[in-house]
Amino acid sequence: AQSVTQLGSHVSVSEGALVLLRCNYSSSVPPYLFWYVQYPNQGLQLLLKYTSAATLVKGINGFEAEFKKSETSFHLTKPSAHMSDAAEYFCAVTPSGYSTLTFGKGTMLLVSP
Amino acid sequence: EAGVTQSPTHLIKTRGQQATLRCSPISGHTSVYWYQQALGLGLQFLLWYDEGEERNRGNFPPRFSGRQFPNYSSELNVNALELEDSALYLCASRQMNTEAFFGQGTRLTVV
Numbered sequence: 327a328q329s330v331t332q333l334g335s336h337v338s339v340s341e342g343a344l345v346l347l348r349c350n351y352s353s354s355v356p357p358y359l360f361w362y363v364q365y366p367n368q369g370l371q372l373l374l375k376y377t378s379a380a381t382l383v384k385g386i387n388g389f390e391a392e393f394k395k396s397e398t399s400f401h402l403t404k405p406s407a408h409m410s411d412a413a414e415y416f417c418a419v420t421p422s423g424y425s426t427l428t429f430g431k432g433t434m435l436l437v438s439p
Numbered sequence: 526e527a528g529v530t531q532s533p534t535h536l537i538k539t540r541g542q543q544a545t546l547r548c549s550p551i552s553g554h555t556s557v558y559w560y561q562q563a564l565g566l567g568l569q570f571l572l573w574y575d576e577g578e579e580r581n582r583g584n585f586p587p588r589f590s591g592r593q594f595p596n597y598s599s600e601l602n603v604n605a606l607e608l609e610d611s612a613l614y615l616c617a618s619r620q621m622n623t624e625a626f627f628g629q630g631t632r633l634t635v636v
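These protein sequences, in sequence, are chains Z and V. Taking my numbering, the leading residue of the first sequence gets 327, the next gets one more, and so forth. Taking my numbering, the leading residue of the second sequence gets 526, the next gets one more, and so forth.
Encoded structure:
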């Protein structure tokens, strides 16, 4: 079975500051990992994905994440926060390319001017 | 290319009634997933359909059921609605070895 832990239900940053959203996973087999973003009353949009290729993954809107097997982590970062980044972010894991996606509980990113 | 579409966008039902939610996947996607997003509970996996069959089911009572049609569209049925069923229901479609693409969701309100 797989699981995802997102540390911090809320993260607050100032505009222009570094964004770091934490995700740790557990999986009995090499995982596929994803970060999704959700704006209010909308569905989820894929930010980036790790599928066993490069460990540093670049996504949309300037986000990137690094897969660290030794730490079972897949933290999401962005060098400089923008007001439009305020949203809820979900980390997800699947044990293979074709199985159920398990999500973390989400982290709400708040960006102040 | 059309994305995942869900209908209706909003649904208001009375406790004890039945609700039917619909999802059309992206063309060529054979898998459909249903998730419940209730306030404060994150995304809870409900059901996974592929090629017309139920492949996996989350920890939900039997009154949550669904099906997948030959054209890969899917329906989620919730019987005997309870107040705590009020949530955003999200549908996602996927092909093997790709990410899941989500619809905009159906907001179900049980009064």
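Built from N, CA and C at the ideal position, the CB exists for glycine as well. Since this is a predicted model, take the numbers as computed values, not measurements.
- Residue nearest to V363 (chain Z) within the set Z:S425, Z:S406, Z:P439, Z:L402 is Z:L402 (criterion: CA-CA distance).
- With a threshold of 16 other beta carbon atoms within 10 Å, Y597 (chain V) meets it and is buried.
- Residue contact check for L372 (chain Z) against chain V: a CB pair falls below 7 angstroms.
- When the Cα atoms are used, R592 (chain V) and S352 (chain Z) turn out to be separated by approximately 30 angstroms.
- Not flagged as an interface residue toward chain V: G385 (chain Z), since no C-beta distance is shorter than 7 angstroms.
- For M434 (chain Z), the beta-bridge partners assigned by DSSP are Z:H336, Z:E414.
- Under the criterion of beta carbons closer than 8 angstroms, A407 (chain Z) and V437 (chain Z) qualify as touching, at roughly 5 angstroms.
- Three or more beta-carbon pairs drawn from the stretch 566–580 of chain V and the stretch 548–558 of chain V are found closer than 8 angstroms, and the two stretches are therefore classed as touching.
- For the 7 angstroms CB-CB criterion, V337 (chain Z) and L435 (chain Z) form a contact.
- Between the alpha carbons of L613 (chain V) and S532 (chain V) lies a distance of about 12 angstroms.
- Nearest C-alpha to P405 (chain Z) among Z:V419, Z:L346, Z:F416, Z:F429: Z:L346.
- If you draw a straight line from the Cα of P595 (chain V) to the Cα of L344 (chain Z), it comes to about 47 angstroms.
- In the DSSP assignment, N584 (chain V) falls outside any beta strand (DSSP E), carrying neither H nor E.
- Among the residues of chain V, those whose CB is under 9 angstroms from the CB of T426 (chain Z) are Y558, F570, W573, R580, N581, G583, following chain order.
- Under the Cβ distance rule, A527 (chain V) does not count among the residues neighbouring chain Z, no pair being separated by less than 7 angstroms.
- In the three-state DSSP reduction, E397 (chain Z) falls in the coil class, being neither helix nor strand.
- Annotated as proximal: L374 (chain Z) and W361 (chain Z), with beta-carbon spacing under 7 angstroms.
- Under DSSP, the beta-bridge partners assigned to G591 (chain V) are V:L601.
- Annotation: Cβ neighbours of F429 (chain Z) in chain V (cutoff 7 angstroms, chain order): G567, L568.
- Within a 10 Å sphere around the beta-carbon of L382 (chain Z) sit fewer than 16 other beta-carbons, which makes this residue exposed.
- Non-local C-beta neighbours of R588 (chain V) in its own chain, meaning closer than 8 angstroms and more than five positions away in sequence, comprise V603, N604, A605, ordered along the chain.
- For P357 (chain Z) and V419 (chain Z), the gap between their C-alpha atoms comes out near 6 angstroms.
- For D575 (chain V), the beta-bridge partners assigned by DSSP are V:S556, V:E578.
- Of all residues in the stretch 617–634 of chain V, only M621, N622, E624, A625, F627, G628, Q629, G630 place a beta-carbon less than 7 angstroms from a beta-carbon of chain Z.
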